[in-house]
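Undergrad: The structure that follows is given in the form of structure tokens.
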Amino acid sequence: MFEIWETGEPPRRITEAGSLEIALEKVDTMCRLRHDQAVAHVGRPHDHYRFEIRDAVGRALARLTYVPDTTREYQSVVVEELRRDGHSPS
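Numbering (our numbering), first residue to last: 960 to 1049.
In structure tokens:
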């Protein structure tokens, strides 16, 4: 099991995932949401957002700092190499 955290102040657990691939997709979804919010000027704007994927005992396996670029459409933060790094089913 993996946990997805937004590590701003205060840190908050967003959700969990059964595989690393699903955890990566959930982080990507959160980044897309933050991008859409920035474009729509919804909520309190931030210049960046920090996310972590943690293992079952709480160790950080991956960290991402996302900066929304509102001058263009959202581009996925999950690169194809991550999906093919032995974590996704063939």
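In this text, a Cβ means the ideal position worked out from N, Cα and C, and glycines have one as well.
1) Identify every run of the beta strand (DSSP E) within the segment 992-1028, keeping only runs that are complete inside it and at least 3 residues long; order them along the chain.
2) Express the C-alpha separation of Arg1009 and Met960 in angstroms, rounding to a whole number.
3) Can you list, in chain order, the residues of its chain with a C-beta nearer than 8 Å to that of Val1036? Leave out the 5 residues immediately preceding and following it.
4) Leaving aside the five residues before and after Ala976 along the sequence, list all residues of the same chain whose C-beta is less than 6 Å from its C-beta, in chain order.
5) Counting only the same chain and skipping the five closest in sequence on each side, list residues whose C-beta sits under 6 Å from that of Glu973.
6) For Asp1014, is the classification buried or exposed, using 16 other Cβ atoms within 10 angstroms of its Cβ as the cut-off for buried?
7) Using three-state DSSP, classify Thr988 as helix, strand or coil.
TA: For this structure:
1) 1008-1013 and 1019-1025
2) Between Met960 and Arg1009, the C-alpha separation is close to 20 Å.
3) Val986, Asp987, Cys990, Leu1023 and Tyr1025
4) Phe961, Ala982 and Lys985
5) Before going further, note that residue 973 is Ile rather than Glu in the sequence given. These residues qualify, in order along the chain: Ile963 and Glu965.
6) exposed
7) helix
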